[in-house]
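One structure is given below, encoded as structure tokens.
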Amino acid sequence: MLKLEKRQIFLQQEAESKQEALQLAGKKMLETGLVSADYLPGIHARESLASTFLDNGIAIPHGMPELRRAIKKTGVVVVQFPEGVEWGVNQLVFLAFGIAAQCHEHLRILGGLTRVLDNRPLCHYLARTREPEIIVDALEGKPLPGLGSLGEWQKAYLNQSQRETCERGWVSRACTKSNELTREYLIHNINGLHARCGSAFIAALTHYDARVYVRNVSKNGEYVNGRSLVKLLGLELVCGETLGIRLSGLHAFDALKRLDQLFQKSFF
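Using my numbering, read the sequence shown as starting at 161 and increasing by one per residue.
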């Protein structure tokens, strides 16, 4: 579970551009003692490789792996932009989670964030709250004050979970069909399946009409939507663990061949 202090949350911030937002997130990471100044250029360098935008108005700016020596302690800062910041085409960010983490700790942090990242109503609520305690409680999985015993975001989360359960049931039935393809890939990347790997995985599937589901075989996890970066990161796959994949649909075979090519690269 992600632990966060109120002093690590910065509400009602403004930025005219993504670069300005990245600079602000880095500044807050420095001010809260998570990193030294040497870490800050790596935040911009990492963003130039692939966008750290996830979904539901959230981005996760962080530095390059080779600059981890500049990390003083693992942690997160939350920078809220109520007016939004243009992060890319059709990408508006309201919450930036600046992450500082050693080795596999970043996967644990991302796994802890998925409770929020994957819940659109909750993300919208947190993007506009003026109470840092609300964000702390949400990230720790606590009931939110003022929303009743079962708040709106919690109801939405339960409804969403029910839909996913039905979807997984459909997938299980589909697995009995001859056109269902499966594959397992060992993760060789020392940093695990991190955000950039996840983005490359999803991009590789862009032009294929296929249903894709993934799971962490090593942890006996359940299948989730393989086209969702949030779901991929939520698997918390570290080096040496196995990613399981199921594909079906018109282009399932071609999509699998593309994934085979992708995982032959040392990037994974």
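Glycine included, C-beta positions come from ideal geometry on N, C-alpha and C.
Treat the numbers as computed from the prediction; the structure is a model and nothing was measured.
If you follow the alpha helix (DSSP H) that residue i is in, where does it begin and where does it stop?
i: Tyr285; result: 280-286
i: Pro124; result: With the chain covering 161 to 428 only, the question about residue 124 has no answer from this structure.
i: Pro201; result: 200-209
i: His183; result: According to the sequence as given, residue 183 is Gln; it is not His. Looking at the DSSP string, the run of the alpha helix (DSSP H) that includes Gln183 is 178-191.
i: Arg356; result: 355-364
i: Gln421; result: 412-423
Report back the beta-carbon spacing between residue i and residue j to the nearest angstrom; my notes put them in contact at under 8 Å.
i: Ile259; j: Val236; result: 6 Å
i: Arg288; j: Pro242; result: 6 Å
i: Leu403; j: Asn385; result: At roughly 14 Å, the Cβ-Cβ gap does not stay under 8 Å, so Leu403 and Asn385 are not in contact.
i: Ala298; j: Leu282; result: 6 Å
i: Gln251; j: Thr234; result: Contact flag wrong, Cβ pair sits at about 27 Å.
i: Leu184; j: Ala197; result: Their Cβ separation, rounded to whole angstroms, is 15 Å, which puts Leu184 and Ala197 out of contact at 8 Å.
i: Gly358; j: Cys399; result: Contact doesn't hold; Cβ gap of about 15 Å is too wide.
i: Ala415; j: Ala370; result: 4 Å
i: Lys166; j: Val296; result: 6 Å
i: Leu393; j: Leu286; result: So it is not a contact: roughly 18 Å between Cβ atoms.
i: Asn216; j: Arg290; result: About 20 Å separates the two Cβ atoms, so there is no contact after all.
i: Thr192; j: Gln168; result: 5 Å
i: Leu365; j: Arg387; result: 6 Å
Does DSSP put residue i in a helix, in a strand, or in coil?
i: Gln172; result: coil
i: Thr402; result: strand
i: His266; result: helix
i: Ser309; result: At Ser309, the pLDDT of 36 sits below 50, so the modelled position is not reliable; the number obtained from the coordinates is stated separately. Coil, per DSSP.
i: Leu346; result: strand
i: Ile231; result: strand
i: Leu277; result: helix
i: Ile259; result: strand
i: Ile220; result: coil
i: Lys163; result: coil
i: Glu324; result: For Glu324, the pLDDT reaches just 43, beneath the cut-off of 50, and the residue's location in the model is therefore unreliable, although a value from the coordinates is still provided. Three-state DSSP puts Glu324 in a helix.
i: Pro292; result: helix
Would you call the CB atoms of residue i and residue j closer than 8 Å?
i: Leu255; j: Ile294; result: no
i: Ile347; j: Glu401; result: yes
i: Val239; j: Lys188; result: yes
i: Glu340; j: Arg406; result: yes
i: Phe413; j: Asn349; result: no
i: Ile231; j: Leu194; result: yes
i: Val374; j: Leu395; result: yes
i: Leu182; j: Glu207; result: yes
i: Ala360; j: Leu422; result: yes
i: Ile220; j: Leu227; result: no
The beta strand (DSSP E) with residue i in it runs from where to where?
i: Leu389; result: Where Leu389 is concerned, there is no enclosing beta strand (DSSP E), although the alpha helix (DSSP H) it sits in stretches over 389-394.
i: Phe241; result: 235-248
i: Arg371; result: 371-376
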